[in-house]
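Protein sequences, first through last, are from chains A and B.
Heads up, my numbering is the position in the first sequence plus 551, with the first residue counted as 1.
Heads up, my numbering is the position in the second sequence plus 551, with the first residue counted as 1.
One structure is given here, and the rest of the page talks about it.
There are 2 protein chains.
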Amino acid sequence: MARQERAVRTRRLILEAAGAVFDEHGYTATTISMVLERADVTKGALYFHFASKESLAQAVLDEQVALGAVPPQACKLQELVDMTFVFGQRLLSNSLLKGSVRLAVDQSAPPGVDHAGPFRQWVEHLVVVLERAREQGELLPTVQPRQTVELLVGAFAGLQLMSRALTDREDLAERISVLWGHILPSIALPGLLIGIDRRPDRGIRVLAAADAAADEQAAMDVTAR
Amino acid sequence: MARQERAVRTRRLILEAAGAVFDEHGYTATTISMVLERADVTKGALYFHFASKESLAQAVLDEQVALGAVPPQACKLQELVDMTFVFGQRLLSNSLLKGSVRLAVDQSAPPGVDHAGPFRQWVEHLVVVLERAREQGELLPTVQPRQTVELLVGAFAGLQLMSRALTDREDLAERISVLWGHILPSIALPGLLIGIDRRPDRGIRVLAAADAAADEQAAMDVTAR
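Spelled out as structure tokens, the structure:
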């Protein structure tokens, strides 16, 4: 393995361990030693990538929005719906994401850690999709995309928190489905409503389809060699 | 002052101090000494009311729903809307409430503290109002009150969190107004929509009217003596 590739892997390993520890213990109670033990890397390796607990927390926060990618859809409202279901689904198993979400709702991070960053980044990320939906004529004329997106981001943050508190996120997909059932009629052209899939297993199906497409691509790459 | 009245006052003083300290430092970093210093009471007085940090946190959590009371309205959907605006308004100045909300979204409280309690209590509290709205014929026939209320409670938790992270809750009333703008069309009879007041200053106005009514009542009590 080339030296650079190894460094990228080690950094990832540390981030995933840090996510898991931040998720379990929160910012205040997390120590660098706990992350070292979880990642099973040397102190030198960790400090090569991250100067402090603050910079580790910041890096975990910065990964959040990148982990929300979904396959594009012709209907941009469907793509927006998919983003929430896929993110909810990934949140069940991805420790880095869990840690990142906990840090974002944690008020105890020091001023040097921008724990509000993911809120702003999600808004900027989603507003592009909703603006596209508007250009394509999917929205009611009264919709203000930024306002709607700010609502979606805030509401999602609370729903995942409530779901975590009550059922360890087991009912999160159900809650996301209810959210869209209440929001879509206020933003989508009525004719679109019946065609938008907001069933709770949407996230599982989107991820399975994306995996199948990736496998097919890999098989074609092998044949082409 | 009678002994019992003094005990009630001291308990309240301690709860308010604890709310402020939990709000500022979170569960983990809060110590009994910090609460003692803030409340300016003796250790004996505190331990008379609360056996531990856990029971102090639980008491702060238990106060939350009681602090959300609003004057009744003929239109029960308006009363529900009022509850969110009044709670949002109180959250700007009431330290006990701030601390209670922070504890509810804090994952670091030990198993002995039921930090998910306020979520459940809010649902039970609000579902009664939405059921009344249904009985009065205010709702679309497709509405399932419990489902809608679970959405409202979760969404509100996230919106106040996002508002706190981005603007120290300065824009919370605006965000509550946007929430209702998106939810009401999916639950209320269309004819009701224009009559429901969801302007951002609704909370301020409801509280001012309640204060005026209380003053008037007090004046009448004096006259009647």
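Every residue, glycine too, gets a C-beta built ideally from N, C-alpha and C.
Here the structure is a predicted model, which means the values were calculated and not measured.
Under the assumption that residue i contacts residue j (Cβ atoms under 8 angstroms), give the Cβ distance between them as a whole number of angstroms.
i	j	result
glutamine 711 of chain B	leucine 642 of chain B	6 angstroms
leucine 628 of chain A	alanine 684 of chain A	5 angstroms
proline 736 of chain B	serine 737 of chain A	5 angstroms
phenylalanine 670 of chain A	arginine 753 of chain A	Not a contact, Cβ separation roughly 23 angstroms.
leucine 566 of chain A	isoleucine 583 of chain A	That belief does not hold up - the Cβ atoms of leucine 566 of chain A and isoleucine 583 of chain A are roughly 14 angstroms apart, past 8 angstroms.
glycine 709 of chain B	alanine 708 of chain A	4 angstroms
leucine 758 of chain A	glutamine 640 of chain A	6 angstroms
valine 656 of chain B	valine 656 of chain A	6 angstroms
Measure the C-alpha to C-alpha separation of residue i and residue j and round it to an integer number of angstroms.
i	j	result
lysine 604 of chain A	proline 662 of chain A	13 angstroms
glycine 732 of chain A	glycine 746 of chain A	13 angstroms
valine 559 of chain B	alanine 553 of chain B	10 angstroms
glycine 570 of chain B	glutamate 588 of chain A	35 angstroms
proline 696 of chain A	glutamine 768 of chain A	35 angstroms
glutamate 721 of chain B	methionine 713 of chain B	11 angstroms
glutamate 556 of chain A	aspartate 748 of chain A	40 angstroms
alanine 775 of chain B	alanine 761 of chain B	21 angstroms
methionine 585 of chain B	serine 606 of chain B	15 angstroms
methionine 771 of chain A	valine 700 of chain A	38 angstroms
aspartate 766 of chain B	aspartate 719 of chain B	31 angstroms
isoleucine 734 of chain A	glutamine 698 of chain A	12 angstroms
arginine 562 of chain A	proline 751 of chain B	46 angstroms
glutamine 658 of chain A	glycine 742 of chain A	42 angstroms
glutamate 682 of chain A	isoleucine 755 of chain A	26 angstroms
alanine 590 of chain B	valine 632 of chain B	34 angstroms
asparagine 645 of chain B	arginine 726 of chain B	19 angstroms
Does residue i have its Cβ less than 8 angstroms from a Cβ in chain A?
i	result
leucine 740 of chain B	no
serine 584 of chain B	no
serine 635 of chain B	Correcting the residue identity first, residue 635 of chain B is threonine in this sequence and not serine. No - not a single Cβ of chain A is within 8 angstroms of the one on threonine 635 of chain B.
alanine 550 of chain B	This structure cannot settle anything about residue 550 of chain B, because the visible part of chain B is limited to 552 through 776.
leucine 710 of chain B	yes
threonine 579 of chain B	yes
isoleucine 745 of chain B	no
isoleucine 755 of chain B	no
histidine 733 of chain B	yes
phenylalanine 670 of chain B	yes
For residue i, which residues of its own chain have a beta-carbon under 7 angstroms away from its beta-carbon, when the five flanking residues on both sides are left out?
i	result
alanine 608 of chain B	Phe573, Tyr578, Leu654, Ala660, Val664
lysine 594 of chain A	Leu587
glutamate 614 of chain A	Leu566, Leu647, Ser651
Going by beta-carbon coordinates alone, are residue i and residue j separated by less than 8 angstroms?
i	j	result
histidine 676 of chain B	valine 773 of chain B	no
leucine 612 of chain A	glycine 668 of chain A	yes
phenylalanine 599 of chain B	alanine 610 of chain B	no
leucine 702 of chain A	leucine 740 of chain A	no
alanine 580 of chain A	histidine 666 of chain B	no
valine 680 of chain B	glutamate 630 of chain B	yes
valine 621 of chain B	methionine 634 of chain B	yes
glutamate 689 of chain A	cysteine 626 of chain A	yes
alanine 706 of chain B	alanine 764 of chain A	no
Note down, in chain order, each residue of its chain lying with its Cβ closer than 6 angstroms to the Cβ of residue i, except the 5 sequence neighbours on either side.
i	result
phenylalanine 638 of chain A	Gly619
glutamine 624 of chain A	Glu630
Here's a check: name, in chain order, each residue in its chain whose Cβ is nearer than 8 angstroms to the Cβ of residue i, leaving out the five neighbours to either side.
i	result
valine 704 of chain B	Phe670, Trp673, Val674, Leu677
glycine 517 of chain A	The question about residue 517 of chain A has no answer, for chain A in this structure spans 552 to 776.
histidine 576 of chain B	Met585
Say whether chain B places a C-beta atom closer than 8 angstroms to the C-beta of residue i.
i	result
valine 849 of chain A	A query on residue 849 of chain A cannot be resolved here, the shown segment of chain A reaching from 552 to 776 and no further.
methionine 713 of chain A	yes
valine 729 of chain A	yes
glutamine 658 of chain A	yes
leucine 681 of chain A	no
serine 737 of chain A	yes
valine 664 of chain A	no
glutamine 777 of chain A	This structure leaves residue 777 of chain A out entirely; chain A is present only between 552 and 776.
leucine 641 of chain A	According to the sequence provided, residue 641 of chain A is arginine. The question's leucine does not apply to it. No, arginine 641 of chain A does not count as interfacial toward chain B.
glutamine 698 of chain A	yes
alanine 706 of chain A	yes
proline 724 of chain A	With the sequence shown as reference, residue 724 of chain A is identified as alanine, and proline is not the correct amino acid for it. It does not: the Cβ of alanine 724 of chain A has no partner Cβ on chain B nearer than 8 angstroms.
alanine 716 of chain A	yes
leucine 702 of chain A	yes
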